[in-house]
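The next block holds one structure in the form of structure tokens; read it before the comments.
Chains as they are written, first to last, in this note's numbering: chain X, 845 to 970; chain Z, 708 to 1070.
Below, the structure written as structure tokens:
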């Protein structure tokens, strides 16, 4: 069974989001998502300063099998993209919730966070 | 899709080994076990065991068997020696491919033919429709056989642990019948679809699991791992072997696909000869090229190919090459553009230079 940490929020598209007290958040994809993708070979991430609406495609994760879009869980502005994934895209397979975080963002409307799934809600979709 | 998927005799073993099973050509097949890249590298460096029991088999026998096959296949059939196999294409009158096949000569008047899973029923119907007045029968043996492919530099050593059949005398594209893991009547063939050395085993379906388990146990200390269709696809693409429905199809002829060596115009007559001859004489509309990309993005089937700003074709297959560490693929490109230095492929809005390769990436 895939790992679904209790302290994160989730989307039904298999992104996780870790929200900090200062209104920033870190976003990645779940253990279930990395397992379904198989060996990840490339992660295409946006430039710092770019803004996305809720549900917008912010990047692409590419595996041997397929390329999959990454969807922004909330409206946000990119503060940082994880450059470690350039050299080691397989971190996504090894550490989906840690070393393979994808973007750090400023959340534009904290009210949107309430619509995200909690761990139990996400686990129920798998 | 309400369609029921067929299962090979190894289905229970795949589940036990933790395979990810996916629908493929009407079959529920393992696409990967540990991971495609790891399995791919195991085949290049040690050995992998593939279940390819979805492949079909036809037995063609009778006084006119060789003559019949020469009339429907592009390659020469009569000259195959007993105990040897040959790769060939079976074409439509317009040169499009009905299928690509391996033909094993069992006896002067008897052949076993390996069919692609997706084409097995079509192939059998096509062959039977062209028997005419010849003395030949075409038997459907798809359910009788299971197939395993044992591939990699250690394949011969590992196979030798479970069979007393001498393997050294079996030349490339040669075969012998023998006992494997106590199972008699196995066809042991030095062939493969990976670009690494190895064997393909045609086994009585009911005994296939016994052979697979024996091979996996004997091979484990030598690095043998179970390998799925995902690695099979990346391996065959590195070796530039065509896959039906991608590099060859009812719309793409063997001449277009660079398989001209399988088309023997020295034969006075065979289905498709006229159309293929016209193509070979310079009448090609488009041609298949092998390429790599200096990028991390993979150009996949359907991605559009450009020469400068002119659309000139599309990608047929694309994957990540674990050996090269970069994306590779094939594309169908309009004649006259295949050797252009300005070819690019569009991957999600990025125009990536396409580096055409005249040679396979592994040999």
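Just so you know, even glycine gets a beta-carbon here, dropped at the ideal spot from N, CA and C. Keep in mind it's a predicted model, so treat the numbers as computed, not measured.
List the residues of chain X that residue 743(Z) touches, going by C-beta distances under 8 Å, in chain order.
Here residue 743(Z) refers to the residue found at position 36 when the second chain is read from its first residue. Here the neighbours are 882, 883, 908 and 909.
To the nearest angstrom, how far is it from the Cα of residue 1029(Z) to the Cα of residue 1036(Z)?
As a first step, residue 1029(Z) is located in the second chain; it is residue number 322 there, counting from the start. As a first step, residue 1036(Z) is located in the second chain; it is residue number 329 there, counting from the start. Approximately 13 Å between the Cα atoms of the pair.
Residue 849(Z) - partner residues in DSSP beta bridges
Sequence index remark: in the second chain, residue 849(Z) carries index 142 (1-based). None; residue 849(Z) has no bridge partner.
Would you verify that the beta carbon of residue 1005(Z) is, or is not, closer than 8 Å to some beta carbon of chain X?
Indexing the second chain from 1 puts residue 1005(Z) at position 298. Output row for residue 1005(Z): interface = yes.
Taking C-beta pairs closer than 9 Å, name the residues in chain Z that residue 904(X) reaches, listed in chain order.
Working through the first chain from its first residue, we reach residue 904(X) at position 60. The contacting residues are 1004 and 1055.
Cutting at 7 Å between CB atoms, please list the residues of its own chain near residue 935(X), excluding the five before and the five after it.
For the purposes of this step, residue 935(X) is taken as residue 91 along the first chain, with counting starting at 1. The answer, listed in chain order, is 928, 929, 943 and 944.
Return the CA-CA distance between residue 708(Z) and residue 715(Z), expressed in angstroms with no decimal places.
As a working mapping, residue 708(Z) is identified with position 1 in the second chain. As a working mapping, residue 715(Z) is identified with position 8 in the second chain. A caution first: residue 708(Z) carries a pLDDT of 47, below 50, which makes its placement in the model unreliable, though a value can still be read off. In a straight line, the C-alpha of residue 708(Z) is about 20 Å away from that of residue 715(Z).
In the stretch 921-945 of chain Z, which residues sit with their C-beta less than 7 Å from some C-beta in chain X, listed in chain order?
937 and 941
Under 8 Å by beta carbon: chain Z residues contacting residue 886(X):
Translated into the one-based positions of the first chain, residue 886(X) becomes position 42. Simply 1003, 1004 and 1005.
So residue 739(Z) contacts chain X; which residues on that side make the cut at Cβ distance below 8 Å?
Sequence index remark: in the second chain, residue 739(Z) carries index 32 (1-based). Within 8 Å Cβ-Cβ: 882.
For residue 1021(Z): DSSP bridge partner residues:
As a first step, residue 1021(Z) must be located in the second chain, where it is residue number 314. Paired residue(s): 1011(Z) and 1039(Z).
Taking the runs of the alpha helix (DSSP H) that are 4 residues or longer, which of them lie wholly in the stretch 810-880 of chain Z?
827-836 and 862-867
Put residue 975(Z) into one of helix, strand or coil per three-state DSSP.
Mapped onto the second chain, residue 975(Z) falls at position 268. Residue 975(Z) falls in the coil class under three-state DSSP.
Below 8 Å, can you find three or more Cβ-Cβ pairs linking the stretch 788-795 of chain Z to the stretch 755-768 of chain Z?
no
Residues of the stretch 1020-1034 of chain Z whose Cβ lies closer than 7 Å to any Cβ of chain X, in chain order:
1026 and 1027
Just to confirm, are residue 871(X) and residue 892(X) a CB contact at a threshold of 8 Å?
Translated into the one-based positions of the first chain, residue 871(X) becomes position 27. Translated into the one-based positions of the first chain, residue 892(X) becomes position 48. No.
Candidates 771(Z), 923(Z), 825(Z) and 896(Z): closest to residue 816(Z) by CA position
As a working note, residue 816(Z) is residue 109 in the second chain. With distances taken between Cα atoms, residue 816(Z) lies closest to 771(Z).
Residue 889(X) lies in the alpha helix (DSSP H); which residues open and close that run?
Position 45 of the first chain, counted from the first residue, corresponds to residue 889(X). Looking at the DSSP string, residue 889(X) is not in any alpha helix (DSSP H), and its letter there is neither H nor E.
Check whether residue 868(X) and residue 918(X) have beta carbons under 8 Å apart:
One-based indexing of the first chain puts residue 868(X) at position 24. One-based indexing of the first chain puts residue 918(X) at position 74. Not in contact: residue 868(X) and residue 918(X) (Cβ atoms no closer than 8 Å).
Verify the contact flag: residue 925(Z), CB atom, against every heavy atom of the ligand ZN, threshold strictly below 7 Å.
Here there are no bound small molecules, and the ligand ZN is not part of this structure.
Ranges of the alpha helix (DSSP H) found wholly within the stretch 751-780 of chain Z, counting only runs of at least 4:
772-779
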